[in-house]
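Residue numbers (the numbering used here), protein chains in the order written: chain A, 2 to 209; chain B, 2 to 209; chain C, 2 to 209; chain D, 2 to 209.
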């Protein structure tokens, strides 16, 4: 595949689930991903990609998981395992610190914050596709959590919906290297037009 | 068409946009629809349908329009006229009385409140279809505002998505009788399996 | 609303249902719409818009209704009235002349033909949105049949999905002037950014 | 997770891409998957699941990949890697043996054949969700090819759309055991409510 280009008017950075519960010390899921996340410097890399995208004038969008609220699932007849886990653990509980953006990842004015997603894909049953179209976006640079669930799901949906995707492979994390490999080496290569490091992406975004 | 049946486990009442701005004295749009709404007793009929649905144990769902927030549209490249109007008039402004449920129409525990819709259809770019499927719903009874915009759009989408629709024709309103006729006599008959009065619906919902 | 512009790389002409059953002498529905269609010169206008779009290099897309095949609906639990009519009348029957493109409206190489739609919207349950995105399209010029069903449905969906729409009001037809008015004066103005005649559109498409 | 039940009126078997190119000797992709497929008896297991589903009266649905046709991709601005591969290899070429159902897997009258999918998910940009809803289906038993692309994509989408999924793990195949493991052990457990063998599924489907 040839090196993608990132035209300012059609490219957006998509940040997936930068919640405290995922990427902050003390978050409910942090201990399960910190091994991978610290080894690949996931959080500083995410921060660097975000700052670079803002600096070069790319539109930034956030795809945030549904924050748990009491009563969410009690009346559902059909509950997927990933939803049952969110129900059990009250992940990203509404009104708690775990359900807030990690400091440094708060949306700024003019940035897109899509409606919360109920399962894993940032696109499914939300306004993310609409918001991207309203801004003329066709290319997405993807960072965030967790590689094999929300990130892979969102990359897959992006490809299905017609977007050209670049995955930043050291700005994501997962429970183990094997999960990372399943997402980044086995699955996402079929759907992302490029998979690169933060270093490579930052270089590619610099004006020439 | 034959008379639909309303099995409790697959039927829901869908209430569209019961905001103060639409159906309360002093709301931003009320003066434009009050002529029709008072003539057909729209608000008391909506109330009666809602109470009956709850009494007989139907699932209730609410499809609510996007509440205006500053910055919503400024960065959009493409804005539909109905969105430009919402932008100009700040309809259902977030944090104001106009953007609240009219008293008596507040959702109760266990009822579905879909994500807010950006245009007219309660289904487009929201989780309404998902929520209905999670509850096993296939049939919708539709009431609410405004007949030729959000109501007709939602009925059309419901049919496109495979739902069987009953429209309650005196539990909606519009700017004039001509608009009502366009929606209720010209368009909705192609998509709703039944169109009936509140009186007829309440009778049909009674246990036999 | 200001006059839209039609940039070649982001604008497409969308032709809805140019089947013989709709717009050819002898078609199953032609007798019901010929009064309006002959008065506003619908078919020659459609032809002129199509030729002009091709001449100025706009992408052309076709949204075609499901062609009736035996067995389509027999197993469905839920059938909308518009589908029951298609079932009864075998409209656009597969393998018959009525289900063919009217002569002069056949797609040419490089033009988009979306999957057939089951209800009224060319977007619902088809690949039309995907195909348009794959070609970078954000603006649609809409012509075709029938004004208050497939055309209005497709215009509404286009707006919901984020497209900017121009409706060509004398390149469509319907059962009566009242139906035309319901679609073109009451409903479509909320969703289309411009509504114009063939003459006006052709002038707007000329290079300046 | 508890053992799912398979009520006849709300359960369907979903067969993904039973094309000659995938699962017949001489098919374009067969040599890449035959190692796994012969080891787990994928094709006979698929056949057995299909026959059992028909015998117990479950609705059967087919999700078939887009068959390659000349001109499909030449005008696209954005092409995902999985689509570029289909373009290069002319997979499931229309009008060829490779693009036909493998003998024994042809749809029978009353079975659902969804529109062809362009990427990997049988739901994306097709009428599969509509067809399932029209038949009242909420639960899916999934078999077919290839595990980490179309099968996983379709299972993920099914969960996103609200379906309850059972994956039959020896009625699918992939390029290697590692790919199988990525799909079946790392990813699908988050989205499928049950993952079982053909033997277990057949037992679960027997009337009690």
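No residue lacks a Cβ here, since even glycine has one placed at the ideal position from N, Cα and C.
Subject >> Pairwise C-alpha distance: residue 192(C) and residue 26(B) >> reply: 28 Å
Original post:
In chain C, what lies closer than 9 Å to residue 131(A) by C-beta?
Top reply: 161, 162, 163
**OP:** Can you tell me which of 59(D), 51(D), 94(D) puts its alpha carbon nearest to the alpha carbon of residue 70(D)?
**Re:** 94(D)
**OP:** Tell me, please, whether the CB atom of residue 187(B) is closer than 8 Å to any CB atom in chain C?
**Re:** yes
**OP:** Note the first and the last residue of the continuous alpha helix (DSSP H) segment covering residue 153(B).
**Re:** 153-162
**OP:** Please report the Cβ distance between residue 174(C) and residue 147(C), rounded to the nearest whole angstrom; I am assuming they are in contact, meaning their Cβ atoms lie under 8 Å.
**Re:** 7 Å
Subject >> CB contact check: residue 45(B) to chain A, cutoff 8 Å >> reply: no
Subject >> Continuous beta strand (DSSP E) stretch holding residue 73(C): start and end >> reply: Run containing residue 73(C): none; DSSP gives neither H nor E here.
Original post:
When the Cα atoms are used, what is the spatial distance from residue 126(D) to residue 132(C)?
Top reply: 9 Å
Subject >> Residue burial classification, residue 40(A) (beta-carbon count within 10 angstroms, cutoff 16) >> reply: exposed
Original post:
At least one CB of chain D closer than 8 Å to the CB of residue 151(A): is that the case?
Top reply: no
**OP:** List in chain order: all unbroken beta strand (DSSP E) runs of 3+ residues lying wholly within the region 112-153 of chain C.
**Re:** 140-145
Original post:
Is it the case that the Cβ atoms of residue 46(A) and residue 178(A) are separated by a distance below 8 Å?
Top reply: no
Original post:
Secondary structure at residue 66(D), three-state DSSP: helix, strand or coil?
Top reply: strand
Original post:
Using 8 Å as the Cβ pair cut-off and three pairs as the minimum, do the region 102-110 of chain B and the region 80-87 of chain B touch?
Top reply: no
Original post:
Nearest to residue 153(C) by alpha carbon, out of 8(C), 73(C), 18(C)?
Top reply: 18(C)
**OP:** Below 6 Å CB to CB, which residues in the same chain sit around residue 159(A) once its five sequence neighbours on both sides are set aside?
**Re:** 141, 166
Subject >> Reduced DSSP secondary structure (H/G/I, E/B, other) of residue 93(C) >> reply: coil
Original post:
Which of helix, strand or coil does DSSP assign to residue 23(C)?
Top reply: helix
**OP:** Using a Cβ cut-off of 8 Å, pull out every chain C residue sitting near residue 58(D), in sequence order please.
**Re:** Result: empty, since nearest Cβ-Cβ is about 12 Å, beyond 8 Å.
Original post:
Expressed to the nearest angstrom, what Euclidean distance is found between the alpha-carbon atoms of residue 4(D) and residue 205(D)?
Top reply: 9 Å
Original post:
Near residue 62(B), what residues of its chain come up, given a Cβ to Cβ distance below 6 Å and the 5 sequence neighbours on each side ignored?
Top reply: 13, 15, 113
Original post:
Within 8 Å (strictly less), CB to CB, does residue 66(B) reach chain D?
Top reply: no
**OP:** Say whether chain A places a C-beta atom closer than 8 Å to the C-beta of residue 135(B).
**Re:** yes
**OP:** For residue 195(B), name the three-state secondary structure that DSSP assigns.
**Re:** strand
Original post:
Hey, does residue 194(D) have any beta-carbon neighbour from chain C nearer than 8 Å?
Top reply: no
Subject >> Proximal residues of chain C, C-beta to C-beta of residue 116(D) below 9 Å >> reply: 116, 117, 126, 127, 128
Original post:
Could you give the distance in angstroms between the alpha-carbon of residue 210(D) and the alpha-carbon of residue 156(D)?
Top reply: This structure gives no information on residue 210(D), because the portion of chain D shown stretches from 2 to 209.
Original post:
Closer than 8 Å, CB to CB, is residue 97(A) near chain B or not?
Top reply: no
Original post:
From this set, 189(A), 183(A), 144(A), which residue's C-alpha is nearest residue 52(A)'s C-alpha?
Top reply: 144(A)
**OP:** Sort 87(B), 88(B), 50(B), 118(B) by Cα distance to residue 207(B) and report the nearest one.
**Re:** 50(B)
Subject >> Same chain, Cβ closer than 6 Å to residue 38(B), neighbours up to 5 away in sequence not counted >> reply: 174
**OP:** Report yes or no: is there a C-beta of chain C within less than 8 Å of the C-beta of residue 139(A)?
**Re:** yes
Original post:
Just how far apart, CA to CA, sit residue 91(A) and residue 28(A)?
Top reply: 12 Å
Original post:
Sorted by chain position, which residues of the same chain lie with C-beta nearer than 7 Å to residue 128(B)'s C-beta, five sequence neighbours on each side aside?
Top reply: 115, 116
**OP:** Have a look at residue 199(B) and residue 150(C) and give me their C-alpha separation to the nearest angstrom.
**Re:** 26 Å
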